[in-house]
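So the sequence shown is residues 1436 to 1623, counted in the working numbering.
Here the structure comes first, spelled out in structure tokens, and everything after it is commentary.
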Amino acid sequence: MHITILSSSTRIDRLSHRVALFLEKAINATGEHTASVLDLAEFNFPIMEEVLHKHPNPPEGLPEFAAEIRRSDAHIFVSPEYNGTYTSALKNAVDYLKEREFSKKVIGVAAVSTGMLGGIRAALSMQQLVLGVAGFPLPQMFTVPQVAQKFDEQGNLQDAAFESRASLFLQNFLWLAEAVSVKKGVEV
Ligand SMILES: Cc1cc2nc3c(=O)[nH]c(=O)nc-3n(C[C@H](O)[C@H](O)[C@H](O)COP(=O)(O)O)c2cc1C
1436 MHITILSSST RIDRLSHRVA LFLEKAINAT GEHTASVLDL AEFNFPIMEE
1486 VLHKHPNPPE GLPEFAAEIR RSDAHIFVSP EYNGTYTSAL KNAVDYLKER
1536 EFSKKVIGVA AVSTGMLGGI RAALSMQQLV LGVAGFPLPQ MFTVPQVAQK
1586 FDEQGNLQDA AFESRASLFL QNFLWLAEAV SVKKGVEV
């Protein structure tokens, strides 16, 4: 399978991108699956004025972004918790695309905070977003509290005690994503 990881903080000196890099490396290290990060800070899409398939003049990079999502078998949304939910950049990017790209795919959610709660409210609201685009939300979520102590800037795990949580999330994600993608087949 190929997995895309949407990294959705566009903040200067962001920390949650570390978690996206970690997940990308961990999936690629399986040797069985591949992963790539789609970085919403790099795409820097303007606020949505029309969905992609109706847009007379799509923003730069959007058709390529959509194509990369379409060719992927499953996704992980990574977001910090901002004021009790996920980032507006994630909502904006997903709203451009919606069901054509996400329907019937497994989407896992990873939420991040510098505090103790690991962005649980962002994780729950991302699962609702997955339902909104007719995806299958993975029931298990990856919540990362105190992110700065857990991952370095390159996405290497610094806290050995956290490793089992990360690998359990990935195990569950890959198991369900594989089952669904075999059934679905890849729609290009
Ligand atoms: C606008 C804003 C709102 C935030 N709201 C929350 C929040 O509701 N809950 C929480 O645990 N942390 C909150 N934080 C703290 C973030 O968890 C912390 O800044 C984290 O590093 C943000 O991720 P990022 O660095 O990838 O942007 C907020 C931070 C910002 C900038």
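We put the beta carbon where it would ideally sit given N, CA and C, even for glycine.
In three-state DSSP terms, what is residue i?
{"i": "Ala1546", "result": "strand"}
{"i": "Asp1530", "result": "helix"}
{"i": "Ala1455", "result": "helix"}
{"i": "Ser1443", "result": "coil"}
{"i": "Ile1438", "result": "strand"}
{"i": "Ser1514", "result": "strand"}
{"i": "Leu1475", "result": "helix"}
{"i": "Val1623", "result": "Confidence in Val1623 is poor, its pLDDT being 47 and thus under 50, which makes the residue's placement too unreliable to answer from."}
{"i": "Phe1480", "result": "coil"}
{"i": "Ala1509", "result": "strand"}
{"i": "Val1486", "result": "coil"}
{"i": "Ala1569", "result": "coil"}
{"i": "Ala1464", "result": "coil"}
{"i": "Leu1552", "result": "coil"}
How would you label residue i, buried or exposed, when you count the other beta carbons within 10 angstroms and need 16 or more for buried?
{"i": "Pro1515", "result": "buried"}
{"i": "Ser1451", "result": "buried"}
{"i": "Val1617", "result": "exposed"}
{"i": "Val1486", "result": "exposed"}
{"i": "Met1551", "result": "exposed"}
{"i": "Ser1649", "result": "For the chain, the structure presents residues 1436 to 1623; residue 1649 sits outside this window and is missing."}
Out of the options, point me to the one whose CA is closest to residue i's CA.
{"i": "Gly1519", "options": "Ala1545, Ile1555 and Phe1577", "result": "Ile1555"}
{"i": "Val1565", "options": "Glu1536, Val1582, Gln1584 and Ala1583", "result": "Glu1536"}
{"i": "Met1501", "options": "Phe1512, Tyr1531 and Ile1482", "result": "A small correction: the amino acid at residue 1501 is Ala; Met does not occupy that position in the sequence shown. Taking only the C-alpha atoms, the option nearest Ala1501 is Tyr1531."}
{"i": "Ser1602", "options": "Ile1462, Val1541, Ile1482 and Gly1550", "result": "Ile1462"}
{"i": "Lys1619", "options": "Ala1558, Ser1507 and Asn1527", "result": "Ser1507"}
{"i": "Arg1449", "options": "Ala1509, Pro1491, Tyr1517 and Met1483", "result": "Tyr1517"}
{"i": "Met1632", "options": "Pro1574, Val1454 and Lys1526", "result": "It is not possible to answer for residue 1632, since the shown part of the chain is limited to 1436 through 1623."}
{"i": "Ala1558", "options": "Ala1569, Val1568 and Leu1573", "result": "Leu1573"}
{"i": "Lys1533", "options": "Ala1545, Ser1548, Leu1497 and Val1547", "result": "Leu1497"}
{"i": "Met1576", "options": "Glu1588, Ala1596, Thr1465 and Gly1553", "result": "Gly1553"}
{"i": "His1488", "options": "Val1529, Val1472 and Ala1464", "result": "Val1529"}
Just how far apart, CA to CA, sit residue i and residue j?
{"i": "Phe1571", "j": "Ala1524", "result": "21 Å"}
{"i": "Ser1538", "j": "Tyr1521", "result": "20 Å"}
{"i": "Asn1607", "j": "Asn1591", "result": "21 Å"}
{"i": "Thr1469", "j": "Glu1459", "result": "8 Å"}
{"i": "Glu1495", "j": "Ser1444", "result": "19 Å"}
{"i": "Ala1612", "j": "Pro1481", "result": "31 Å"}
{"i": "Gln1593", "j": "Pro1491", "result": "46 Å"}
{"i": "Ile1440", "j": "Leu1456", "result": "9 Å"}
{"i": "Ile1542", "j": "Ile1511", "result": "5 Å"}
{"i": "Glu1467", "j": "Ala1614", "result": "15 Å"}
{"i": "Ala1464", "j": "Leu1605", "result": "12 Å"}
{"i": "Met1436", "j": "Ala1545", "result": "19 Å"}
{"i": "Glu1499", "j": "Asn1479", "result": "13 Å"}
{"i": "Thr1578", "j": "Pro1493", "result": "34 Å"}
{"i": "Asp1474", "j": "Ser1442", "result": "5 Å"}
Flag residue i as yes when its Cβ comes closer than 7 Å to any non-hydrogen atom of ligand 2, and as no otherwise.
{"i": "Glu1467", "result": "Among the ligands modelled here, namely ligand 1, ligand 2 does not occur."}
Residues near ligand 1, criterion Cβ-heavy atom distance below 7 Å: Ser1444, Arg1446, Asp1448, Arg1449, Leu1450, Ser1451, His1452, Pro1515, Glu1516, Tyr1517, Asn1518, Gly1519, Val1547, Ser1548, Thr1549, Gly1550, Leu1552, Gly1554, Arg1556 and Val1582
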